[in-house]
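**Q**
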Amino acid sequence: MDPRAISLVRTSFKAVAAVDGGPDKLTSSFYAFLFARNPEIRELFTATMTGQRERLVTAIAYVVDHLDDLEASLPFLEQLGRDHRKYGIVDRHYAAVGAALILALERFAGTELWTDEVAAAWDDAIAIIAGTMMNAANAETGPAAVGATVIEHVEVLQDVAIIRLQLDEPLKYAAGQYISVQVPSRPRMWRYLSPAIPANDAGQIEFHVRRVSGGWVSPAIVQRTEVGERWVVGSPLGSLGVAGAGGRNMLMVGSGTGLAPLRAQIMEMSARSQNPKVHLFMGGTYPCDLYDFDTMSDIARSNPWLTVVPVSENDTDPWWHDGGPVPALSRQLMPSPVGVLAASFGSWAERDVQIAGSPSMIAGTVDALVAGGTPHENIRHDPLI
Ligand SMILES: Cc1cc2nc3c(=O)[nH]c(=O)nc-3n(C[C@H](O)[C@H](O)[C@H](O)COP(=O)(O)OP(=O)(O)OC[C@H]3O[C@@H](n4cnc5c(N)ncnc54)[C@H](O)[C@@H]3O)c2cc1C
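For my numbering, add 1274 to where a residue sits in the sequence shown, where the first one is 1.
1. Using a Cβ-Cβ cutoff of less than 7 angstroms, which residues in the same chain neighbour residue 1567 once the five nearest sequence positions on both sides are dropped?
2. When you measure from the CB of residue 1431 to every non-hydrogen atom of ligand 1, does any distance come out below 7 angstroms?
3. Counting C-beta neighbours from all protein chains within 10 Å, is the total for residue 1287 16 or more, i.e. buried, or is it exposed?
4. Would you call the region 1509-1529 in contact with the region 1608-1623, where contact means no fewer than 3 C-beta pairs closer than 8 angstroms?
5. Work out the CA separation of residue 1296 and residue 1355 for me, nearest whole Å.
6. Taking the alpha-carbon of residue 1549 as reference, which of 1486, 1562, 1595 and 1581 has the nearest alpha-carbon?
7. Between residue 1387 and residue 1307, is the Cβ-Cβ spacing less than 8 angstroms?
8. Quick check on DSSP: helix, strand or coil for residue 1530?
9. Give me the residue from 1404, 1346, 1390 and 1361 with the minimum Cα distance to residue 1373.
10. Check whether the region 1391-1409 touches the region 1417-1433, taking contact to mean three or more Cβ pairs, one atom from each stretch, closer than 8 angstroms.
11. Would DSSP call residue 1630 helix, strand or coil?
12. Taking 6 angstroms as the limit between beta carbons, can you name the residues of its chain near residue 1629, skipping five residues before and five after?
13. Taking only three categories from DSSP, how would you classify residue 1607?
14. Whose C-beta lies closer than 7 angstroms to the C-beta of residue 1577 among residues of the same chain, with five residues either side of it excluded?
15. If you draw a straight line from the alpha carbon of residue 1645 to that of residue 1518, how long is it in whole angstroms?
16. What distance in whole Å lies between the Cβ atoms of residue 1360 and residue 1413, which are believed to be in contact at a cut-off of 8 angstroms?
17. Buried or exposed: residue 1301, going by 16 or more other Cβ atoms within 10 Å of its Cβ?
18. Whose C-beta lies closer than 6 angstroms to the C-beta of residue 1303 among residues of the same chain, with five residues either side of it excluded?
19. Use the C-beta contact count for residue 1631: other C-beta atoms within 10 angstroms, 16 or more gives buried, fewer gives exposed.
20. Could you tell me whether any non-hydrogen atom of ligand 1 is closer than 7 angstroms to the CB of residue 1452?
21. Could you check if residue 1482 is buried or exposed, using at least 16 other CB atoms within 10 Å of its CB as the buried criterion?
22. Determine which residues share a DSSP beta bridge with residue 1505 and list them.
23. Per DSSP, which residues does residue 1510 bridge with? Please list them.
24. For residue 1584, list the residues DSSP reports as bridge partners.
25. Hey, how far is the Cα of residue 1317 from the Cα of residue 1647?
26. Could you name each continuous alpha helix (DSSP H) segment of 4 residues or more that falls completely within the region 1310-1363, going from the start of the chain to the end?
27. With distances taken between CB atoms, is the gap from residue 1507 to residue 1422 smaller than 8 angstroms?
28. On the DSSP letters alone, give me the boundaries of the beta strand (DSSP E) that residue 1439 sits inside.
29. Using 8 angstroms as the threshold, is the C-beta distance between residue 1626 and residue 1541 below it?
30. Tell me the DSSP bridge mates of residue 1654?
31. State the CB to CB distance for the pair residue 1311 and residue 1370, rounded to an integer number of angstroms; the pair is presumed to be in contact (CB under 8 angstroms).
32. From which residue to which residue does the alpha helix (DSSP H) around residue 1716 run?
33. Do you know how far the Cα of residue 1607 is from the Cα of residue 1590?
34. The alpha helix (DSSP H) spanning residue 1595 covers which residue range?
35. Give me the DSSP bridge partner(s) of residue 1478.
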């Protein structure tokens, strides 16, 4: 797309999103057009549509932001296309989605903003996005989704559980990627989770899940998962990944269950003889959130390229936590938000940086690191959706 068309797409989208209640109105209108014209597509979504609306706006915003760097965003769109096969999405659905989005944007942009040139720019953008997703989906020969059986469910904290599954067939994913998951008690409510171990030929996979208060799926996973139940996992997504043996040194900043994609990469690296240096800041709100510190420090003990710094915003556990912190940990703990502490060491300009955690933790860490002199282009994290 030429720079003027990209700018028109961005300005019109920002104008719609900036209106009071704009994102909500845009998504409601989009789904109304989509379902009215294509009733069969309604079947692909859950009855509640909870979370779906926010995710749609965030996903469009992400793609619009990256239109001038298509080289970098094409792999993301291709992964999204492969992953969308699990919904039963086929070529004609992409055309229907594109048409509904144009109608919704037109309705909220108003006649002054929605000129022929703006409409043409959006047509181009949607053709690129849909074309990339469709081509990737059609080229993929592997299954759209794989079944898995829960073999272990451990509640490591009141609000965090580790779930281990046996996949029906091994799944190829790069350590650091994430996967959409569907659990039996919440059909069609797919959620992204990051495997906490690298892919393996035995087809074992492990997730660390935190209960989000008021959430639809995570409380069910943490509190109600039973050994033997059947999950479904989709295609891998995301661009976080292990550096080559001769690659640049790395800074990793992870918080809570956000540690998972970093943990998987460190485990994969620990199986190699040569690695760049990795400095891992492992954070949590309370010391107990660092329940996995021993695993990381054991790896560091036998792998000199790895340094692990435990960080907690509070220096004592909350009253409702029934066990004490790991003894070795209490002596080393640094009290601070993890991103702020990592940035307090100065510029990390010489390192590739990966951040994983909640959207607010990621945003705060990026700001702190950039303010401390780390170039923005060195920092990677998953989309905030
Ligand atoms: C790339 C990626 C990887 C992820 N990996 C993991 C993982 O390994 N382990 C894990 O536990 N979760 C992970 N998540 C988050 C997970 O996908 C769900 O978003 C989360 O479990 C909440 O789902 P829910 O159905 O319970 O909440 P929903 O019903 O979807 O949301 C309920 C409300 O909670 C808010 N909310 C959603 N997530 C959070 C949050 N993290 N903090 C605060 N408020 C929130 C929503 O905005 C909404 O208002 C990942 C997310 C992404 C994008």
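We treat Cβ as the ideally placed atom computed from N, Cα and C, and that holds for glycine.
As the structure is a computational prediction, the values presented were derived from the model and not from experiment.
**A** Based on what the coordinates show:
1. 1556, 1584, 1600 and 1603
2. no
3. buried
4. yes
5. 27 angstroms
6. 1581
7. no
8. helix
9. 1404
10. no
11. strand
12. 1527, 1636, 1639 and 1655
13. coil
14. 1544
15. 28 angstroms
16. Actually they do not touch by this definition, with Cβ atoms about 16 angstroms apart.
17. buried
18. 1378 and 1381
19. buried
20. yes
21. buried
22. 1422
23. 1453
24. 1556
25. 49 angstroms
26. 1313-1316, 1326-1339 and 1344-1358
27. yes
28. 1434-1441
29. no
30. 1628
31. 7 angstroms
32. The question about residue 1716 has no answer here: the residues shown for the chain are numbered 1275 through 1659.
33. 10 angstroms
34. Segment: none, residue 1595 is in no alpha helix (DSSP H) and carries neither H nor E.
35. 1440
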